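In terms of mature numbering (1 follows the signal peptide of the UniProt record, and there is no 0), the sequence shown is residues -20 to -1, 1 to 215.
We put the beta carbon where it would ideally sit given N, CA and C, even for glycine.
Here the structure is a predicted model, which is why all the values come from computation and not from measurement.
Just below is one structure, and these are the notes that go with it.
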Amino acid sequence: MAKYTALLLLLFIPLSSVVAQPLAAFNQYLTGSNQVLYVQTANANAVQGTMYLYERKNSRRRWKKINTIAIVVGKAGLAKDPQTSIPFSNDMPVKKEGDGKSPAGIFCLGDVFSYHPMGHLHMPFVQVDTSFYCVDDVASPYYNTLVVKDTATAPFNSFEYMKRKDELYEYGVWVLYNSAPVVAGNGSCIFIHIWRNDHSGTAGCTAMAKENILKLIHWLDKRKNPVLLQVVKNK
């Protein structure tokens, strides 16, 4: 009889409680956010993963799962943010410039960007063209910032073109990793952008199919303080 009673109780647990469970371990880090892009990979070396989009009305309400998206991360997997307070495994590598790893941790999101004008967004937006660079030169004061050609007042010797011939940055979101403060060598130019395909890793960004990033950037809302929470299963 006890077995059937337990089963009946389980059946009457609200669906929202079940949905909220995956984020329960991270609630202490999410108090200021009402939108979460929750990325999980199988292990620290995995390239493929899943992004779960969660939203809630306010901090007193339960999380609701909005969507599930296939993603890829860095070609060398994940490495923990040197400044994270999330207790990752001690043997997980620490993120650094040029390691081909995406940062694991929790990060606010910055501007949405595109090669095209975009309206009806709820996030700050910048239209990029061939004059926009993201600086990855660790010796430059512009390290990990967006620079417009011919406006820089200090040198930089290494950068990414924001308008690429392969159009992987046609639509994207700036991830505010290593941004406050910027620490030289900790990694730079981390975005959410269009993937090359569903099995090729990035240089350190998180990427997905074009149709999914279009849905994502129209869902994001600055008023809800969206964050990227990126971890391996069981941290």
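- The bridge partners DSSP lists for residue 20 are 30 and 211.
- According to the DSSP secondary-structure assignment, residue 72 is paired through a beta bridge with no residue.
- Under the three-state reduction of DSSP, residue 102 is assigned to strand.
- The three-state secondary structure of residue 8, taken from DSSP, is helix.
- If you draw a straight line from the Cα of residue 197 to the Cα of residue 65, it comes to about 27 Å.
- Ranked by Cα distance from residue 95, the first of 78, 187 and 153 is 153.
- Counted as a single uninterrupted DSSP element, the alpha helix (DSSP H) harbouring residue 191 occupies residues 190 to 199.
- For residue 156, the three-state secondary structure derived from DSSP is coil.
- Here the alpha carbons of residue 112 and residue 143 stand approximately 7 Å from one another.
- Check the Cα spacing between residue 93 and each of 160, 86, 211 and 102: the tightest is with 102.
- The beta carbon of residue 11 sits closer than 8 Å to those of 39, all from its chain and outside the five residues before and after it, given in chain order.
- Looking only at 167, 18, 51 and 141, the smallest Cα-Cα distance to residue 27 is reached by 51.
- For residue 91, the enclosing beta strand (DSSP E) covers residues 82 to 94.
- Between residue 62 and residue 53, the CB-CB gap reaches or exceeds 7 Å.
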